[in-house]
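Enquirer: So that we are looking at the same thing, I have put the structure below in structure tokens.
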Amino acid sequence: MSKLDKATVDQVMELGNRVNEIRRHLSQITMQLQNAERERAIARLSLNHLDQLPETTNTFKPVGKMFVLEDKEGLKQQLNESMKQSAEDSAAKASLRDQFVAKLKENEAQVEELTAQLQKQSDGSSSK
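Residues in the sequence shown are numbered from 251 upward in steps of one, following the numbering used here.
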């Protein structure tokens, strides 16, 4: 195997490692995006339930393993803030996910190109 072959193999290995790392980051971002969407859905459902309650109803906010008495308007405001923050997080994560998908496609194309180049080199050396 010539030095060019060794360099190409090293590039393929490096790009393969990069592709695996990008896939790992992509799966983490996807999970974070799903969590943000879940939080937003929970806040939306809670807010809908709060809107159906009479104004004089005692409401409680979960804090760890306990519940704290909270006025209805304060709790609604916190839920609206939570929904807003989750929406912002979702948008940021979706943008980041799109960037990683683009990087992944680019790196996979480079791996395929280098693999084809390496295959041509090995076919050329075996036919000699």
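Yeah, the Cβ is synthetic: ideal placement off N, Cα and C, and Gly gets one too.
What would DSSP say about T258, mapped onto helix, strand or coil?
Expert: helix
Enquirer: Once DSSP output is grouped into helix, strand and coil, what is the label at A341?
Expert: helix
Enquirer: Where DSSP assigns a beta bridge to P312, which residues make up the other side?
Expert: Under DSSP, P312 forms a beta bridge with F317.
Enquirer: Check L283 in the structure and name its three-state DSSP category.
Expert: helix
Enquirer: Find the nearest neighbour of T389 within the set K315, G324, L295, judged by alpha-carbon distance.
Expert: Any property of residue 389 remains undetermined from this structure, which presents the chain solely from 251 to 378.
Enquirer: Mind checking L295: buried by the 16 CB within 10 Å criterion, or exposed?
Expert: exposed
Enquirer: Quick one, which of G314, L283, E362, T306 has its alpha-carbon nearest D321's?
Expert: T306
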